[in-house]
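A short write-up of the structure that comes next.
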Amino acid sequence: MLTFPLRTERLVLEPLEHRDRDAFVAYRRDPAVARWQSWDVDWSAADADALIAAQPAAVASGSGEWLQLAVRTVSDGSLAGDVAVHAHADQPDTYELGVTLAAATQGRGIATEALAAVVAGLFQVGAHRLLAVTDARNTPAARVFRGLGFRHEGRAVDADWFKGEWSSLDTWALLRLEALGGDR
Ligand SMILES: CC(C)(COP(=O)(O)OP(=O)(O)OC[C@H]1O[C@@H](n2cnc3c(N)ncnc32)[C@H](O)[C@@H]1OP(=O)(O)O)[C@@H](O)C(=O)NCCC(=O)NCCS
1 MLTFPLRTER
11 LVLEPLEHRD
21 RDAFVAYRRD
31 PAVARWQSWD
41 VDWSAADADA
51 LIAAQPAAVA
61 SGSGEWLQLA
71 VRTVSDGSLA
81 GDVAVHAHAD
91 QPDTYELGVT
101 LAAATQGRGI
111 ATEALAAVVA
121 GLFQVGAHRL
131 LAVTDARNTP
141 AARVFRGLGF
151 RHEGRAVDAD
161 WFKGEWSSLD
171 TWALLRLEAL
181 GGDR
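Counting in the UniProt record's numbering, the sequence shown runs from 1 upward without gaps.
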């Protein structure tokens, strides 16, 4: 099982806590940050409290649970964003990832650095397949997953009724064998 904190040169990742709430709510309410995400700009402190209270302590293979990791900067401990990890319930050792950064911390390689640590950590503890699902219009997210070596597995066209319109969804995936340079 993944253990925390995960550390990189610039970042520390560990499960989101109550002390993260105000910064977490502030960036989730930013229209540009919420645009391609499941929540909307009316996301509230109460929503955040409920999410944090319901968090599992760890994310176990096959659990079906989501764990939201705070991405904090080493320099001052501030919350740059979060990485979400979802252990699929229907397949063992299969995890979906999501990433969100506050606008002020975007464009510095922080999402890539944070996800790279989670990807490496998950493969270290036996993950078989990692995936991400992004709105087809979300170019920054596509760049991040492609840059980390995720394959574009496909596009489900006009498959999702999302914020008042049909949206297309891209799936990105990376196998342990691919990441470690092995053959299928
Ligand atoms: C998706 C999201 C996290 C991507 O953020 P991002 O800042 O573009 O990604 P990174 O932090 O990896 O930064 C990469 C950018 O920083 C630049 N950069 C600057 N310094 C860098 C460094 N030291 N190392 C690497 N990249 C650096 C890169 O060139 C790249 O810029 P480019 O995209 O113009 O080429 C962000 O757009 C976001 O939070 N969106 C809202 C939430 C969302 O939709 N999430 C996706 C759901 S899965």
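Using N, Cα and C, we set each Cβ at its ideal position, and we do this for glycine too.
Cβ-based burial, residue i [other Cβ within 10 Å; buried from 16]
i            : result
valine 74    : exposed
alanine 103  : exposed
glutamine 68 : buried
alanine 70   : buried
Spatial distance of residue i from residue j (CA atoms)
i             : j              : result
threonine 171 : alanine 132    : 6 angstroms
alanine 57    : isoleucine 110 : 24 angstroms
alanine 127   : glutamine 55   : 21 angstroms
alanine 53    : valine 59      : 15 angstroms
alanine 116   : arginine 72    : 15 angstroms
valine 125    : leucine 177    : 14 angstroms
glutamate 153 : aspartate 47   : 33 angstroms
aspartate 160 : leucine 51     : 24 angstroms
valine 118    : leucine 6      : 8 angstroms
arginine 143  : glutamate 17   : 29 angstroms
Residue i Cβ short of 8 angstroms to ligand 1 heavy atom set
i             : result
threonine 134 : yes
arginine 155  : no
residue 185   : Since the first residue of the chain shown is 1 and the last is 184, residue 185 is not available in this structure.
tryptophan 36 : yes
valine 41     : no
Strand pairing of residue i, partner residues [DSSP]
i              : result
tryptophan 161 : Trp166
residue 261    : Since the first residue shown for the chain is 1 and the last is 184, residue 261 is missing from the structure and cannot be characterised.
When you compare the region 86-105 with the region 43-63, are there three or more beta-carbon pairs, one atom per stretch, that lie closer than 8 angstroms?
yes
At least 3 beta-carbon pairs within less than 8 angstroms: the region 39-48 vs the region 19-30
Judged by pairs of C-beta atoms under 8 angstroms, the region 39-48 touches the region 19-30, as three or more such pairs exist.
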